[in-house]
Amino acid sequence: MEQTFIMIKPDGVQRGLVGEIVCRFEKKGFSLKGLKLISVERAFAEKHYEDLSSKPFFSGLVDYIISGPVVAMVWEGKNVVSTGRNIIGATNPAASAPGTIRGDYAVEIGRNIIHGSDAVESARKEIALWFPDGTVNWQSSLHPWIYE
Ligand code: RTP
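Written as structure tokens, this is what we have:
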């Protein structure tokens, strides 16, 4: 089953949105496979965002990610990578539809609350980076009520 990496960024944690965000993924029917509250070092944040290292906003982005603890999660389910991105909304909250996390709770691109993997392959890399000891292997008893 497909997995994605979801990170609640420092602004989401500070603003008390952890429960709300977990709730949205749970209620959709996805399964939580890993979760931790963690403060990351600069080098780790640079590694996570290495594909963006040439962007002008890169150092501000890294400063933002290391400014406080983040909640790192692995969620599992059918099409969870793309559906997770839909739940999160567009990168710029000004363009995120109401009903999405960024559309409901964020204003600026540089404080957009949450990260979600953009492809199955990047999810695999990000999960390996953030959860080097692996995730929890379990299956919800609701599985037959979510999948035919
Ligand atoms: P994320 O990786 O955080 O899920 O975001 P994303 O795929 O929607 O967007 P991406 O292009 O990968 O950018 C990563 C994060 O960098 C910040 N950003 N700032 N100032 C800017 O123009 C700018 N552009 C991007 C955002 O926090 C974005 O989520």
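Using the working numbering, you'd call the opening residue of the sequence shown number 5 and step up by one each time.
Cβ coordinates follow ideal geometry from the N, Cα and C atoms, glycine included.
First and last residue of the uninterrupted alpha helix (DSSP H) at residue i
i: Glu-24; result: 22-32
i: Gly-88; result: 84-92
i: Leu-56; result: Leu-56 -> no alpha helix (DSSP H), and no H or E assigned at all.
i: Gly-16; result: 14-18
Residue i, enclosing beta strand (DSSP E) - first and last residue
i: Ala-76; result: 74-80
i: Lys-37; result: 35-42
i: Ile-70; result: From DSSP, Ile-70 is part of no beta strand (DSSP E); its letter is neither H nor E.
Chain-order list of residues whose beta-carbon lies under 8 angstroms from that of residue i (same chain, five-residue window excluded)
i: Lys-82; result: Met-5, Glu-6, Tyr-151
i: Asn-90; result: Thr-104
i: Gly-64; result: Gly-114
i: Tyr-53; result: Phe-62, Leu-65, Val-66, Ile-69
Cβ-heavy atom distance, residue i to ligand 1, below 7 angstroms
i: Asn-90; result: no
i: Ile-70; result: no
i: Leu-133; result: no
i: Phe-61; result: yes
i: Gly-107; result: no
i: Thr-95; result: yes
i: Gly-16; result: no
i: Asn-116; result: yes
i: Leu-21; result: no
i: Asp-4; result: Summary: the structure shown does not reach residue 4, with the chain confined to residues 5 through 152, and so no result is reported for it.
Beta-carbon separation (whole angstroms), residue i vs residue j, contact threshold 8 angstroms
i: Ile-25; j: Gly-88; result: Not confirmed; about 11 angstroms, so no contact.
i: Ala-123; j: Asn-116; result: The pair is not a contact, with the Cβ atoms about 19 angstroms apart (cut-off 8 angstroms).
i: Val-85; j: Ser-58; result: Actually they do not touch by this definition, with Cβ atoms about 24 angstroms apart.
Proximity test, residue i beta-carbon vs ligand 3 heavy atom, cut-off 7 angstroms
i: Asn-83; result: In the structure shown, ligand 3 is absent; the only ligands present are ligand 1.
Neighbourhood of residue i by C-beta distance below 6 angstroms, restricted to the same chain and skipping five residues each side
i: Phe-62; result: Leu-56
i: Pro-73; result: Val-17, Leu-41, Ser-43
Beta-carbon contacts of residue i that lie in its chain and below 7 angstroms, excluding the five residues immediately before and after
i: Gly-107; result: Gly-93, Pro-97, Ser-100, Ala-101
i: Glu-112; result: Pro-97
message: Taking contact to mean 3 or more Cβ pairs, one atom from each stretch, closer than 8 angstroms, check whether the stretch 130-144 and the stretch 32-40 are in contact.
response: yes
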